[in-house]
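Numbering (this note's numbering), first residue to last: 253 to 793. Before any comments, here is the structure.
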């Protein structure tokens, strides 16, 4: 089945079962369906049949036991002995068979399978050059198709028409005496009522309920009165930490929070631009009610209250500028556009006509962005260790990489590199997130609407080697005030955040063959990234 036919079949299932606007998780459903339809070599065992067999065996054993209990104690002892002997034999046989299965399994791409083709299950023995060559050929096939094309940037009018609720609520100009983009919004509600009672972030995030309780109590005191009307201060972030996952964004976030001029949202990763505004809470749970813009703006109220306090403490004649800035740190912002196929697809495009950055640029053309990157090979392994389920191993990681490469190759047989990177179905099918490490594709798309001066790009390797230099670059980029030596030491010398768990560290590094395969896969993308940034350090060689 070709990739196009596969996607059409998926979209038909979406329209039939869930409707066009309620099928974001079709990719996951497709993955389950794909798993059901895999040929025999992709299913070493039928677990459900095994469960039924065990149940029938247990039932038969139970009946046999009832007969024996009617006999003598001697028969009971014989039965126990035979049962124990059988269990011992089964355990030993399982152990021996497990030890013999030392190979890794190469799985063919589902886009290349037909009903007639049922190849045998062949283990990949790492000592055989022929098996290694198969994987190398897949990577060579992918690399040969890599082309860096420019995206078609939508017109600003089209962007505004696509999301009218956003642009009707946010003004074009902000308060002049604030460094951070803020404005006064008239408040029409009851000041004695809970202004956050219906906030979906508060409903789904019990950890932050205490913060919202505090904001609720402080709400009336932070309203601004003018000409008999009440106004609340609303803010957007001055800067965004937009990516990438498992590249040190949490550590950067924790250190920036220690700067006296920097505040963040009440939760680290709101994911509003990429997920919540579409009603995605978790990718495995389908669609929920979309989070309104006001719920997102509420996340900035704690920082807005601090700015409001500084405003009221300043003399009306001094007009001293308030230098407090707010940051937002959703690591999905740079790359996650998986919702486009359900909300912005016009039925003909194979690439998203609108990206997240188009809407942010239309609202905040002067916003600043920080990107933290690392060697994409190590990023992928760290991603697997962090998000993977139980029974993680270097062999399992290799199998997932192999399957993902086959899937990616199948997509590239019919589509462009940009189309595959933004293909929701493919992204949901791949067992590991290969696409997240293709940094240059995402960066070029962000540079299509924002200038290079608005995006600070850091390397985790440099940050780990010398945090003081990295943080000084960040402070300069955000135009923050000077710090005392003690305060700077507090920020730069604190232990690293969100490091690898001990259990994951015990697994050790990935297999050398997996590392070499991934290095070859990411190499052309790293080369282009180094050219764009004019920095050979981004080659990660």
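Heads up, the beta-carbon is just placed ideally off N, CA and C, and yes, glycines get one too. Model, not experiment: these values are computed from the prediction.
Residues bridged to residue 715 [DSSP beta-bridge criterion]
DSSP output for residue 715 lists no bridge partner at all.
If we ignore side chains and look at the alpha-carbon of each, how far apart do residue 590 and residue 560 end up?
37 Å
Report buried or exposed for residue 496, applying the criterion of at least 16 other Cβ atoms within 10 angstroms of its Cβ.
buried
Tell me the DSSP secondary structure of residue 499 in three-state form.
coil
Taking 7 Å as the CB-CB cut-off, is residue 534 touching chain D?
Absent here is chain D; the protein component of the structure consists of one chain.
Please report how far the alpha carbon of residue 771 lies from the alpha carbon of residue 765, in whole angstroms.
10 Å
Tell me which residue opens and which closes the alpha helix (DSSP H) that residue 658 is part of.
646-664
Is the stretch 681-696 close to the stretch 653-660, with three or more CB pairs under 8 Å?
yes
Candidates 572, 597, 606: closest to residue 698 by CA position:
606
Measuring CB to CB, does residue 547 end up less than 7 Å from residue 452?
yes
Below 8 Å, can you find three or more Cβ-Cβ pairs linking the stretch 490-505 to the stretch 623-638?
yes
Taking contact to mean at least 3 C-beta pairs separated by less than 8 Å, is the stretch 688-706 in contact with the stretch 779-790?
yes
Compare the C-alpha of residue 526 against each of 385, 676, 628 and name the closest.
676
Taking residue 528 as the reference, which of 542, 537, 490 has the closest Cα?
542
Determine the extent of the alpha helix (DSSP H) in which residue 784 is found, giving its start and end residues.
764-785
Just to confirm, is the Cβ distance from residue 604 to residue 592 under 7 Å?
yes
Would residue 318 be called buried (16 or more neighbouring beta carbons within 10 Å of its own) or exposed?
Bear in mind that the predicted position of residue 318 carries a pLDDT of just 41, short of 50, making it too unreliable to give a figure here.
Please report the straight-line C-alpha distance between residue 614 and residue 402, rounded to a whole angstrom.
20 Å
If I follow the unbroken alpha helix (DSSP H) through residue 698, where does it start and stop?
691-698
For residue 556 and residue 572, the rounded distance between their alpha carbons
17 Å
With 16 other Cβ atoms within 10 Å as the buried cut-off, status of residue 565
exposed
Would you give the residue range spanned by the alpha helix (DSSP H) that residue 593 belongs to?
592-595
Per DSSP, cross-strand counterpart(s) of residue 540:
None, per the DSSP bridge assignment.
Rounded to whole angstroms, how far is the Cβ of residue 638 from the Cβ of residue 649, which I believe are closer than 8 Å?
Residue 638 to residue 649, Cβ: 12 Å. No contact.
Out of 793, 701, 406, 391, state which residue places its alpha-carbon closest to the alpha-carbon of residue 596.
406
Just list the residues that DSSP pairs residue 629 with in beta bridges.
The partner list for residue 629 (beta bridge, DSSP) is empty, contrary to what the question assumes.
Secondary structure at residue 790, three-state DSSP: helix, strand or coil?
helix
Please go through the same chain and pick out, in chain order, the residues whose beta-carbon is closer than 6 Å to the beta-carbon of residue 468, but skip the five residues on each side of it.
446, 448
Under 6 Å Cβ to Cβ from residue 472, same chain only, skipping five residues before and after it: list those, please.
443
Would you list the one or two residues that DSSP bridges to residue 483?
438, 476
Among 759, 523, 703, 732, whose alpha-carbon lies nearest the alpha-carbon of residue 646?
759
Locate the beta strand (DSSP E) running through residue 515, then write down its first and last residues.
514-516
7 Å Cβ cutoff met for residue 620 and residue 558
no
With H, G and I counted as helix, E and B as strand and the rest as coil, what does DSSP make of residue 621?
strand
What do you get for residue 248, buried or exposed, if any count of 16 or more other CB atoms within 10 angstroms of its CB means buried?
There is no way to answer for residue 248, as the model of the chain reaches only from 253 to 793.
Inside the stretch 400-446 only - beta strand (DSSP E) runs reaching at least 3 residues:
434-438
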